[in-house]
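Asks: Below is a structure I'd like to ask you about.
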Amino acid sequence: MEHIKTIIFDLDGVICTTDEQHYQGWQALADRLGIPFDRTANNRFRGVSRMACMDILEEMGGKCYSEQEKTDYATWKNEYYRNLLGQMSPSDLSREVKDTLDELRRRGYLLTIGSSSKNAKFILQRLGLEDYFDAISDGTNIVNSKPDPEVFLKAADFASTPYEQCLVVEDAISGVEAAHAAGMLAATVGDAAEKGCGDFVMDSFSSLLKILP
Ligand code: BG6
Ligand code: MG
78 MEHIKTIIFD LDGVICTTDE QHYQGWQALA DRLGIPFDRT ANNRFRGVSR MACMDILEEM
138 GGKCYSEQEK TDYATWKNEY YRNLLGQMSP SDLSREVKDT LDELRRRGYL LTIGSSSKNA
198 KFILQRLGLE DYFDAISDGT NIVNSKPDPE VFLKAADFAS TPYEQCLVVE DAISGVEAAH
258 AAGMLAATVG DAAEKGCGDF VMDSFSSLLK ILP
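If you read the sequence shown in our numbering, its first letter stands for residue 78, the second for the next number, and so on.
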């Protein structure tokens, strides 16, 4: 792993546990629309854009909404989610994640974000990390969300790092697919790791310190 120069971190479910607030938002919308939904169903939403999640929810419920209805429902979910994000503070950043990031920085890696979320900068601000990362690629600078590689290719471009010298850290299977499509290796935690998906399946975030020199 001596060739790795830049680490690209997914945000929701990797740096922080906002995958839980996403779930609560989609569960609330599904309840409102009378669509059966649970945490297992929510795993399909990891890494994919807000409107792609809305399309999946429509399909799960066997519904046929107009584009305007889908936009309105996704906006309703986002407002519900943003209310939950508003309750976050720097104390929601785990010691393990912060200590691991600091140690990786000390070892000389460039640390970047590669997230499908349009709320990424707001979340980083809530966590007190708004100025921490060397580059941020998120839902505001991409056309195609994971499993398309665009968000990771842009993160590498922003950090001026060749793609093969980047390591992606992900909790989503769609994110591992995106990393591979970008020609990058993926280390996993959370849902993807539980399913054995990824080049380095980790039992905790701090395991990065064992993978990387
Ligand atoms: C990803 C999440 O980080 O961001 C997805 O894993 C989410 O579940 C996507 O749908 C888009 O998020 P947002 O904040 O733009 O609605
Ligand atoms: Mg994620």
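Every residue gets a Cβ at the ideal spot worked out from N, C-alpha and C, and that includes glycine. Nothing here was measured: the structure is a model prediction, and the numbers come from that model.
Tell me Phe-277's beta-bridge partners as DSSP assigns them.
Replies: According to DSSP, which records beta bridges pairwise, Phe-277 is partnered with Ala-264.
Asks: Going by CA-CA distance only, name the one from His-257, Asp-225, Thr-189, Ile-250 that's closest to Ser-293.
Replies: In the structure displayed, the chain extends from 78 to 290; residue 293 sits before or after that span and is not available.
Asks: With the cut-off set at 8 Å, would you say Ile-200 and Leu-162 are in Cβ contact?
Replies: In this structure, Leu-162 lies closer than 8 Å to Ile-200 by Cβ.
Asks: Would you say Ala-255 and Phe-229 are within 8 Å of each other, going by their C-beta atoms?
Replies: It is a contact, given that the beta carbons lie within the stated cut-off.
Asks: Check the DSSP bridge columns for Gly-124 and list the partner residues they point to.
Replies: DSSP, once it has assigned bridges, lists no residue as partnering Gly-124.
Asks: Using the rule of at least 16 other Cβ atoms within 10 Å of the residue's Cβ for burial, across every protein chain shown, is Asn-120 buried or exposed?
Replies: Label assigned to Asn-120: buried.
Asks: Report whether the distance from the Cβ of Ala-264 to the nearest heavy atom of the ligand MG is below 7 Å.
Replies: Flag unset: Cβ of Ala-264 not near the ligand MG.
Asks: Could you say which of Gly-273, Thr-265, Val-278 lies nearest to Ile-85 if we only look at CA atoms?
Replies: With distances taken between Cα atoms, Ile-85 lies closest to Thr-265.
Asks: Would Thr-83 and Tyr-158 be called neighbours here (beta carbons separated by less than 8 Å)?
Replies: Result no, Cβ atoms of Thr-83 and Tyr-158 do not sit closer than 8 Å.
Asks: Count the other CB atoms within 10 Å of the CB of Gln-98; is the residue buried (16 or more) or exposed (fewer)?
Replies: Buried.
Asks: With distances taken between CB atoms, is the gap from Leu-110 to Gly-139 smaller than 8 Å?
Replies: Their beta carbons are not under 8 Å apart, which means Leu-110 does not touch Gly-139 by this criterion.
Asks: Contact defined as beta carbons within less than 8 Å: I believe Glu-126 pairs with Ser-171. What is the distance between those atoms, to the nearest angstrom?
Replies: According to the sequence shown, residue 126 is Ser rather than Glu. That pair is no contact at about 26 Å.
Asks: Among Leu-244, Asp-132, Lys-287, which has the Cα closest to the Cα of Ala-263?
Replies: When only C-alpha atoms are compared, the closest one is Leu-244.
Asks: Does any residue of chain D bring its CB to less than 8 Å from the CB of Asp-149?
Replies: The structure shown contains no chain D; it is built from a single protein chain.
Asks: Considering only residues of the stretch 98 to 176, which uninterrupted alpha helix (DSSP H) runs meet the minimum length of 4 residues and lie entirely inside it, listed in chain order?
Replies: Segments of the alpha helix (DSSP H) lying fully in the stretch 98 to 176: 116 to 119, 127 to 137, 144 to 162.
Asks: Is DSSP giving Val-91 helix, strand or coil here?
Replies: Coil, per DSSP.
Asks: Run through DSSP, which three-state label would Phe-86 get?
Replies: Looking at Phe-86 - three-state DSSP - the assignment turns out to be strand.
Asks: Can you tell which of Asp-248, Phe-282, Gly-260, Glu-207 has its C-alpha closest to the C-alpha of Gly-273?
Replies: Among Asp-248, Phe-282, Gly-260, Glu-207, the Cα nearest to that of Gly-273 belongs to Asp-248.
Asks: Indicate whether Leu-204 and Cys-130 have their beta-carbon atoms separated by less than 8 Å.
Replies: For Leu-204 and Cys-130, no; Cβs fall outside 8 Å.
Asks: Do Asp-89 and the ligand MG come close, with the Cβ less than 7 Å from some heavy atom?
Replies: Yes, the beta carbon of Asp-89 sits closer than 7 Å to at least one heavy atom of the ligand MG.
Asks: Looking at Lys-198: is its Cβ nearer than 8 Å to the Cβ of Asn-218?
Replies: Not a contact, by the Cβ cut-off of 8 Å.
Asks: Kindly list the residues whose CB is nearer than 6 Å to the CB of Glu-135, restricted to its own chain and excluding five residues on each side of it in sequence; keep chain order.
Replies: Hits under 6 Å: Tyr-142.
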